[in-house]
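Residue numbers (the numbering used here): 1327 to 1873.
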């Protein structure tokens, strides 16, 4: 079907110019017209749709999502802390106890209780609960609590026993490597009890949420290196290849051979992300790798792997044509992976041409560094000359500056000021992709863009136009798909969303409230899912597409 949209403002998001048109035509899943004509001049379409003065933007890509957890496991979890205009509540152990007891009472049959968004830095006691406290509050049930940064946790005795973790000398609180390298087992244990009805609801809720925000594609960081067969990731790949929302899977295996079974399913071979590919931890868990100690406890984070080991993995991925992604937050971990990329890729012009080169070059995916929160000055200069993409979540630092206060509590002042220079790197042509790291943060992309426009370091803030490109043109460039998507151009995919306001001219107080009036994916308007078993069966019978 050929459809003509008119009477609005179509933002192409091409290059660095706010190019707009009044109308757009689609033919099937492709854009066939951009211009300023109306129904009276542009004839031959099957349907004419008035935009009623609204704005059209390319559909968004969330470049870092933990899909299994976001889509399925969240059905069996709840948030401990809530962030409000008055502050964070609860902010003490007594309040945490009350919330956990209430949840347990309301869910007496839930086998494993999972709680997110515990904000350690906001607690008067400045700690996670011990396993003995969880045992008392839950009546001896299995429970895990995740700190808001996703890199530290507290586990009850019953769950430790199921995971075969030694109880002797442990208070059930896990940080850094002790936390990171058991999460695959935790995820596997929880997800094993997922029913078809929970799966159906999870797919529907996730897809509807993406459509609400104008997201048509996500990069899924999934895969448990901690388990031998990892059936759940194979199931996830099967489901993801049939969903309405496009998925680009990054299997989180350090052993690149384990990722090979997914290559036939992928548009490009990929691996990495978090999990086994976490080169360090986070600031909130005191496990981010800095060259100086944390100021509150005098301890220093460290890189989880030796330089030669990571260099071998980066070289192996490059030789096999695998797009690699790796988690690095602290300066030492960032230096480690940047130096590896420099040795393997060589310093050159990191700007691979973007859209300016058009069809003069063959599109190919870019290696990634995820988070890139506290780079050294030398890493910043090197990254300007490397064909490497950065996947960032500035919404977290926006929230930290106003509510969490973990950076100022845990880091020396000079390290707080060492955060990623967003504007400097953007203006140097570095490929920067926005993302949520869901479920660590909300999937709301506009919260991350608000964090870019009102960045922790004001002098490094982006314009709304630059921030929006981190969710449109730049992810397409990172994935090697910019000839197909990321901007609105004739011949590209008809993936776009319609919204009531012009994001490029939005004030900061408006940005976090943005949403899509509707999403168009592959030329079709997205229809809200109900999450029924019948809907799930129809999805599973679809023809698979590349992920």
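Think of the CB as a built atom: it goes at the ideal place given N, C-alpha and C, for glycine as much as any other residue.
Remember, it's a predicted structure, so these values are computed and weren't measured experimentally.
- For residue 1862, the closest C-alpha among the options 1463, 1376 and 1530 is that of 1530.
- Listed in chain order, the non-local C-beta contacts of residue 1389 below 6 Å within the same chain comprise 1545, 1717, 1759, 1761 and 1801, local neighbours out to five positions each way being set aside.
- Residue environment analysis places residue 1617 among the exposed positions, since fewer than 16 neighbouring C-beta atoms fall within 10 angstroms of its C-beta.
- The way I'd put it, the stretch 1474-1492 does touch the stretch 1503-1512; three or more beta-carbon pairs between them come closer than 8 Å.
- For residue 1408, the uninterrupted beta strand (DSSP E) run begins and ends at 1408-1410, by DSSP.
- Beta-bridge pairing by DSSP links residue 1427 to no other residue.
- Judged by DSSP in its simplified three-state form, residue 1358 adopts strand.
- Taking the C-beta atoms as reference points, residue 1655 is found nearer than 8 Å to residue 1700.
- A distance below 8 Å separates the beta carbons of residue 1756 and residue 1709.
- Looking at the DSSP output, residue 1529 bridges to nothing.
- The bridge partners DSSP lists for residue 1604 are 1653.
- Per DSSP, residue 1709 is one residue of the alpha helix (DSSP H) stretching across 1703-1709.
- Between the alpha carbons of residue 1848 and residue 1570 lies a gap of roughly 9 Å.
- Judged by DSSP in its simplified three-state form, residue 1811 adopts coil rather than helix or strand.
- Residue environment analysis places residue 1842 among the buried positions, since at least 16 neighbouring C-beta atoms fall within 10 angstroms of its C-beta.
- DSSP places residue 1548 within a strand segment (E or B) once states are collapsed to three.
- In this structure, the straight-line span from the alpha carbon of residue 1464 to that of residue 1426 is close to 7 Å.
- Less than 8 Å divides the Cβ of residue 1348 from the Cβ of residue 1362.
- For residue 1413, the enclosing beta strand (DSSP E) begins and ends at 1413-1415.
- With respect to the 8 Å criterion, residue 1605 and residue 1592 are not classified as neighbours on the basis of their beta carbons.
- In this structure, the CA atom of residue 1864 is about 46 Å from the CA atom of residue 1727.
- For residue 1418, the CB contacts under 7 Å within the same chain, skipping 5 residues up- and downstream, are 1449, 1450 and 1451 in chain order.
- The shortest CA-to-CA distance from residue 1553 to any of 1537, 1568, 1518 and 1541 is the one to 1518.
- If you compare the alpha carbons of 1521, 1520, 1697 and 1461 with that of residue 1498, the shortest gap goes to 1461.
- Across the structure, residue 1781 and residue 1774 are spaced so that their CA atoms are roughly 10 Å apart.
- Rounded to whole angstroms, the separation of the alpha carbons of residue 1478 and residue 1580 is 21 Å.
- DSSP places residue 1510 within a helical segment (H, G or I) once states are collapsed to three.
- For residue 1555, no pairing in a beta bridge is given by DSSP.
- Listed in chain order, the beta strand (DSSP E) elements of length 3 or more contained wholly in the stretch 1429-1470 are 1438-1444.
- In this chain, the alpha helix (DSSP H) harbouring residue 1394 covers 1393-1397.
- Judged by their CB atoms, residue 1823 and residue 1540 are nearer to each other than the 8 Å cut-off.
- Pairwise C-beta distances place the stretch 1374-1381 in contact with the stretch 1812-1830, as three or more of them are shorter than 8 Å.
- Taking one beta carbon from each stretch, the stretch 1435-1442 and the stretch 1393-1406 have 3 or more pairs nearer than 8 Å; the two touch.
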